[in-house]
Amino acid sequence: MDTRTVITAYFEAFNAGDAAAMLELLAEDVEHHVNQGGIRRGKAAFAEFCAHMERCYSENLTDLVIFAEGDRAAAEFTVNGTYKADDEGLPPAHGQTYRLPAGSFFALKDGRIARVTTYYNLEDWIAQVS
1 MDTRTVITAY FEAFNAGDAA AMLELLAEDV EHHVNQGGIR RGKAAFAEFC
51 AHMERCYSEN LTDLVIFAEG DRAAAEFTVN GTYKADDEGL PPAHGQTYRL
101 PAGSFFALKD GRIARVTTYY NLEDWIAQVS
């Protein structure tokens, strides 16, 4: 698959809530650069992240625009979500909804996603759910 096809499949799997399909697109040694955080390394850490997200949030991405060249890609989108369960260090959850602009950057290696970096404005999100 070419880069655009891989990234499109990744976002389709995200919107379908299909973490297994997302994981299939990742390199074993994937690096997940966390917004305002550290780096999760490996598919197992990414799977744990997906399980955590599924527990705490329900999200759907719209307004998706993908840019791809060679083994690099970027995407801009809107996150439409519901905060379902308390997440450590964040405000209490009680079904609040939010709408947040975000972007992701990707690097591919041998046709698989080797790096995912996603950015959004955490302060904006906190204001929306507080």
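The sequence shown runs 1 to 130 under UniProt numbering.
Where is the CB? At the ideal position from N, CA and C, for every residue including glycine.
Beta-carbon separation (whole angstroms), residue i vs residue j, contact threshold 8 Å
{"i": "A107", "j": "R115", "result": "4 Å"}
{"i": "S58", "j": "K84", "result": "6 Å"}
{"i": "D87", "j": "C50", "result": "Going by Cβ atoms, the distance from D87 to C50 rounds to 14 Å, so no, they are not a contact pair."}
{"i": "T3", "j": "D71", "result": "6 Å"}
{"i": "F46", "j": "L23", "result": "7 Å"}
CA nearest to the CA of residue i, picked from the options
{"i": "G81", "options": "V65, A45, L26 and G17", "result": "G17"}
{"i": "N60", "options": "H52, T78 and E48", "result": "T78"}
{"i": "N15", "options": "D63, M1 and E28", "result": "D63"}
{"i": "E28", "options": "M53, A127, N35 and R40", "result": "R40"}
{"i": "T5", "options": "L122, R112 and E123", "result": "R112"}
{"i": "H94", "options": "A47, K43, S130 and Y10", "result": "S130"}
{"i": "A21", "options": "E69, H32 and T8", "result": "T8"}
{"i": "V30", "options": "Q36, E69, G37 and A44", "result": "A44"}
{"i": "E12", "options": "G37, T97 and I66", "result": "I66"}
Start-to-end residues for the beta strand (DSSP E) that takes in residue i
{"i": "N60", "result": "Y57 to E69"}
Proximity test, Cβ basis, 9 Å: residue i and chain B
{"i": "F14", "result": "Although the question refers to chain B, the structure presented lacks it and comprises just one protein chain."}
For residue i, the three-state DSSP class (helix, strand or coil)
{"i": "L122", "result": "helix"}
Could you name each continuous beta strand (DSSP E) segment of 3 residues or more that falls completely within the UniProt domain "SnoaL-like" (7-116), going from the start of the chain to the end?
26-33, 39-41, 57-69, 72-83 and 96-109
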